[in-house]
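Structure first, then comments.
Residue numbers (this note's numbering): 7 to 216.
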(Lines of atoms letter the chains of each structure in order from A and count residues from 1; the text may use other names and numbers.)
(Lines give C-alpha, C1' and ligand atoms only; values in the text may rest on other atoms or scores of the structure.)
Protein backbone atom coordinates (compact mmCIF):
# COMPACT_ATOMS: atom_id res chain seq x y z
CA UNK A 1 0.00 0.00 0.00
CA UNK A 2 1.37 3.43 -0.89
CA UNK A 3 1.86 6.18 1.64
CA UNK A 4 -0.91 8.21 0.01
CA UNK A 5 -3.37 5.42 0.72
CA UNK A 6 -2.52 5.61 4.43
CA UNK A 7 -3.29 9.32 4.75
CA UNK A 8 -6.10 11.51 3.49
CA UNK A 9 -5.91 15.14 2.40
CA UNK A 10 -9.01 16.94 3.68
CA UNK A 11 -10.60 20.28 2.96
CA UNK A 12 -10.69 21.84 6.47
CA UNK A 13 -13.95 23.65 5.66
CA UNK A 14 -15.64 20.24 5.32
CA UNK A 15 -14.46 18.90 8.68
CA UNK A 16 -15.34 19.54 12.33
CA UNK A 17 -12.23 21.80 12.43
CA UNK A 18 -13.80 24.26 9.96
CA UNK A 19 -14.24 27.10 12.47
CA UNK A 20 -10.71 26.68 13.85
CA UNK A 21 -9.35 26.72 10.30
CA UNK A 22 -11.28 29.89 9.53
CA UNK A 23 -9.90 31.61 12.62
CA UNK A 24 -6.29 30.43 12.53
CA UNK A 25 -5.17 29.42 9.03
CA UNK A 26 -3.85 32.91 8.21
CA UNK A 27 -2.14 33.42 11.55
CA UNK A 28 1.65 33.93 11.29
CA UNK A 29 1.97 31.90 14.51
CA UNK A 30 -0.97 29.47 14.83
CA UNK A 31 0.64 27.51 17.67
CA UNK A 32 -0.42 27.32 21.31
CA UNK A 33 1.72 26.02 24.17
CA UNK A 34 0.85 24.54 27.56
CA UNK A 35 3.13 23.48 30.41
CA UNK A 36 2.00 21.09 33.13
CA UNK A 37 4.01 19.67 36.03
CA UNK A 38 3.59 15.88 36.27
CA UNK A 39 4.16 13.43 39.09
CA UNK A 40 6.39 10.71 37.59
CA UNK A 41 7.14 8.84 40.83
CA UNK A 42 5.37 5.66 39.69
CA UNK A 43 7.01 5.87 36.27
CA UNK A 44 10.49 5.92 37.82
CA UNK A 45 9.65 2.91 40.00
CA UNK A 46 8.53 1.05 36.87
CA UNK A 47 11.71 2.08 35.08
CA UNK A 48 13.88 0.65 37.84
CA UNK A 49 11.82 -2.52 38.22
CA UNK A 50 11.64 -3.35 34.50
CA UNK A 51 14.99 -1.93 33.43
CA UNK A 52 13.43 0.42 30.87
CA UNK A 53 15.11 3.61 29.75
CA UNK A 54 13.11 6.65 30.80
CA UNK A 55 13.05 8.46 27.44
CA UNK A 56 11.36 5.69 25.40
CA UNK A 57 9.10 4.97 28.38
CA UNK A 58 7.95 8.60 28.25
CA UNK A 59 7.50 8.33 24.48
CA UNK A 60 5.33 5.24 24.91
CA UNK A 61 3.14 6.94 27.52
CA UNK A 62 2.73 10.00 25.27
CA UNK A 63 1.58 7.84 22.37
CA UNK A 64 -0.85 5.91 24.56
CA UNK A 65 -2.33 9.16 25.93
CA UNK A 66 -2.89 10.46 22.38
CA UNK A 67 -4.12 7.34 20.60
CA UNK A 68 -7.85 7.77 21.30
CA UNK A 69 -7.99 11.52 20.61
CA UNK A 70 -8.80 11.94 16.92
CA UNK A 71 -7.25 15.42 16.65
CA UNK A 72 -3.82 13.85 17.12
CA UNK A 73 -4.25 12.03 13.81
CA UNK A 74 -4.36 15.34 11.88
CA UNK A 75 -1.57 17.57 10.66
CA UNK A 76 -2.64 21.14 9.84
CA UNK A 77 -1.43 23.28 6.96
CA UNK A 78 -2.74 26.71 5.89
CA UNK A 79 -4.82 25.20 3.08
CA UNK A 80 -5.53 21.62 4.21
CA UNK A 81 -5.69 19.01 6.92
CA UNK A 82 -3.89 15.69 6.46
CA UNK A 83 -5.41 12.75 8.32
CA UNK A 84 -3.44 9.60 9.16
CA UNK A 85 -4.38 6.15 10.43
CA UNK A 86 -1.39 5.51 12.69
CA UNK A 87 0.74 7.37 15.23
CA UNK A 88 4.51 7.35 15.68
CA UNK A 89 6.32 9.11 18.51
CA UNK A 90 9.49 10.86 17.39
CA UNK A 91 12.56 10.98 19.59
CA UNK A 92 15.78 12.93 19.12
CA UNK A 93 18.77 10.62 19.49
CA UNK A 94 22.46 11.38 20.01
CA UNK A 95 24.67 9.11 17.89
CA UNK A 96 27.66 9.30 20.23
CA UNK A 97 29.67 11.72 18.08
CA UNK A 98 27.82 14.90 19.04
CA UNK A 99 25.28 14.72 16.21
CA UNK A 100 21.53 14.22 16.69
CA UNK A 101 19.01 12.33 14.58
CA UNK A 102 15.27 11.74 14.42
CA UNK A 103 13.88 8.36 15.50
CA UNK A 104 10.21 7.67 14.69
CA UNK A 105 8.84 4.79 16.77
CA UNK A 106 5.43 3.46 15.61
CA UNK A 107 2.97 3.23 18.47
CA UNK A 108 1.88 -0.26 19.49
CA UNK A 109 0.01 -1.08 22.68
CA UNK A 110 2.47 -3.76 23.77
CA UNK A 111 5.13 -1.87 25.70
CA UNK A 112 7.84 -4.48 25.20
CA UNK A 113 7.40 -4.34 21.42
CA UNK A 114 7.61 -0.55 21.51
CA UNK A 115 10.77 -0.65 23.62
CA UNK A 116 12.35 -3.28 21.39
CA UNK A 117 11.62 -1.20 18.28
CA UNK A 118 13.13 1.88 19.92
CA UNK A 119 16.29 -0.02 20.90
CA UNK A 120 16.68 -1.50 17.43
CA UNK A 121 16.19 1.85 15.68
CA UNK A 122 18.62 3.64 17.99
CA UNK A 123 21.21 0.97 17.16
CA UNK A 124 20.56 1.59 13.45
CA UNK A 125 21.00 5.35 13.92
CA UNK A 126 24.32 4.90 15.70
CA UNK A 127 25.53 2.54 12.98
CA UNK A 128 24.35 4.49 9.94
CA UNK A 129 24.39 8.06 11.32
CA UNK A 130 21.04 8.63 9.63
CA UNK A 131 17.44 9.35 10.63
CA UNK A 132 14.76 6.68 10.96
CA UNK A 133 11.47 7.95 9.57
CA UNK A 134 8.00 6.40 9.20
CA UNK A 135 6.30 8.80 6.77
CA UNK A 136 3.06 6.79 6.76
CA UNK A 137 2.48 7.67 10.43
CA UNK A 138 1.41 10.96 11.99
CA UNK A 139 4.15 12.22 14.27
CA UNK A 140 4.19 13.44 17.85
CA UNK A 141 7.57 15.06 18.36
CA UNK A 142 9.51 14.89 21.63
CA UNK A 143 12.77 16.24 22.98
CA UNK A 144 14.43 15.52 26.34
CA UNK A 145 17.15 17.85 27.60
CA UNK A 146 18.17 15.87 30.66
CA UNK A 147 21.17 18.06 31.48
CA UNK A 148 19.02 21.06 32.39
CA UNK A 149 16.21 21.69 34.85
CA UNK A 150 13.73 24.15 33.36
CA UNK A 151 10.10 25.14 33.79
CA UNK A 152 8.88 25.66 30.22
CA UNK A 153 9.98 25.64 26.60
CA UNK A 154 8.82 28.03 23.84
CA UNK A 155 9.41 26.58 20.38
CA UNK A 156 9.83 28.31 17.06
CA UNK A 157 7.15 27.92 14.39
CA UNK A 158 8.13 26.09 11.20
CA UNK A 159 5.27 25.92 8.64
CA UNK A 160 6.58 22.61 7.28
CA UNK A 161 6.53 20.98 10.73
CA UNK A 162 3.28 21.65 12.58
CA UNK A 163 3.13 18.36 14.49
CA UNK A 164 2.37 18.32 18.22
CA UNK A 165 5.68 18.62 20.06
CA UNK A 166 6.57 17.91 23.70
CA UNK A 167 9.74 18.93 25.53
CA UNK A 168 11.06 18.37 29.05
CA UNK A 169 14.27 18.58 31.07
CA UNK A 170 15.59 17.07 34.32
CA UNK A 171 13.06 15.75 36.79
CA UNK A 172 12.92 17.09 40.33
CA UNK A 173 13.21 14.81 43.33
CA UNK A 174 11.20 15.69 46.43
CA UNK A 175 10.64 13.98 49.76
CA UNK A 176 7.50 12.16 48.69
CA UNK A 177 7.31 12.47 44.91
CA UNK A 178 9.32 13.25 41.79
CA UNK A 179 7.96 15.89 39.44
CA UNK A 180 8.64 16.92 35.84
CA UNK A 181 7.33 19.96 33.93
CA UNK A 182 6.41 19.07 30.33
CA UNK A 183 5.61 21.61 27.60
CA UNK A 184 3.38 20.73 24.66
CA UNK A 185 3.00 22.88 21.54
CA UNK A 186 0.16 22.24 19.08
CA UNK A 187 -1.31 23.90 16.02
CA UNK A 188 -4.59 25.66 16.92
CA UNK A 189 -6.07 24.63 13.56
CA UNK A 190 -5.56 21.03 14.58
CA UNK A 191 -6.90 21.11 18.13
CA UNK A 192 -8.16 23.37 20.89
CA UNK A 193 -7.22 23.81 24.52
CA UNK A 194 -9.81 21.27 25.60
CA UNK A 195 -8.18 18.55 23.50
CA UNK A 196 -4.78 19.39 25.00
CA UNK A 197 -6.25 19.29 28.52
CA UNK A 198 -7.78 15.88 27.82
CA UNK A 199 -4.42 14.62 26.56
CA UNK A 200 -2.44 16.00 29.52
CA UNK A 201 -4.89 14.56 32.06
CA UNK A 202 -4.71 11.17 30.34
CA UNK A 203 -0.92 11.36 30.35
CA UNK A 204 -0.86 11.81 34.12
CA UNK A 205 -3.26 8.86 34.51
CA UNK A 206 -0.94 6.69 32.43
CA UNK A 207 2.08 7.83 34.41
CA UNK A 208 0.21 6.76 37.57
CA UNK A 209 -1.05 3.38 36.40
CA UNK A 210 1.14 1.92 33.65
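Ideal placement from N, C-alpha and C gives every residue a C-beta, glycine not left out.
Since the model is a prediction, treat every value here as computed from it, not as a measurement.
Practice problem: State the Cα-Cα distance for the pair residue 169 and residue 109, rounded to the nearest angstrom. | Solution: By 1-based counting over the chain shown, the position of residue 169 is 163. By 1-based counting over the chain shown, the position of residue 109 is 103. When rounded, the distance between both Cα atoms is 15 Å.
Practice problem: Check residue 127 in the structure and name its three-state DSSP category. | Solution: If you number the chain shown from 1, residue 127 lands on position 121. Look at residue 127 here: in three-state DSSP terms it is helix.
Practice problem: Tell me where the alpha helix (DSSP H) around residue 47 begins and ends. | Solution: Start at 1 with the first residue of the chain shown, and residue 47 comes out as number 41. Following the DSSP letters along the chain, one finds residue 47 inside the alpha helix (DSSP H) bounded by residues 47-56.
Quiz prompt | Collapsed DSSP secondary structure at residue 103 in the structure displayed | solution = Sequence index remark: in the chain shown, residue 103 carries index 97 (1-based). Of the three classes helix, strand and coil, the one that applies to residue 103 here is coil, per DSSP.
Practice problem: Taking residue 21 as the reference, give the member of 62, 73, 69 and 88 with the closest Cα. | Solution: In the chain shown, residue 21 corresponds to position 15, counting from 1. Residue 21 has its Cα closest to that of 88, out of 62, 73, 69 and 88.
Quiz item: Is the CB-CB distance between residue 153 and residue 41 below 7 Å?
Solution: Numbered from 1 along the chain shown, position 147 holds the residue referred to as residue 153. Numbered from 1 along the chain shown, position 35 holds the residue referred to as residue 41. Contact flag unset, no.
Exercise. In angstroms with no decimal places, state the Cα-to-Cα distance between residue 46 and residue 139.
Key: Taking the chain shown and counting its residues from 1, one reaches residue 46 at position 40. Taking the chain shown and counting its residues from 1, one reaches residue 139 at position 133. Cα to Cα, residue 46 sits roughly 29 Å from residue 139.
Exercise. Pull up the distance between the alpha-carbon of residue 81 and that of residue 184, whole angstroms please.
Key: The residue given as residue 81 occupies position 75 in the chain shown. The residue given as residue 184 occupies position 178 in the chain shown. Their Cα atoms are separated by approximately 33 Å.
Quiz item: With 16 other CB atoms within 10 Å as the buried threshold, where does residue 182 fall?
Solution: Walking along the chain shown from the start, residue 182 turns up at place 176. Around the beta carbon of residue 182, fewer than 16 other beta carbons sit within 10 angstroms, so the residue counts as exposed.
Quiz item: Under three-state DSSP, which class holds residue 80?
Solution: One-based indexing of the chain shown puts residue 80 at position 74. DSSP, reduced to helix, strand and coil, places residue 80 within a strand of the structure shown.
Quiz item: Rounded to a whole number of angstroms, what is the C-alpha to C-alpha distance between residue 113 and residue 121?
Solution: Numbered from its first residue, the chain shown carries residue 113 at position 107. Numbered from its first residue, the chain shown carries residue 121 at position 115. Roughly 10 Å between the two C-alpha positions.
Practice problem: Please decide whether residue 172 counts as near chain B, where near means a Cβ-Cβ distance under 7 Å. | Solution: This model lacks chain B altogether; it includes just one protein chain.
Quiz item: Taking C-beta to C-beta, are residue 77 and residue 201 nearer than 7 Å?
Solution: Reading the chain shown from its first residue, position 71 is the one you call residue 77. Reading the chain shown from its first residue, position 195 is the one you call residue 201. Residue 201 sits close to residue 77, with the two beta carbons spaced by under 7 Å.
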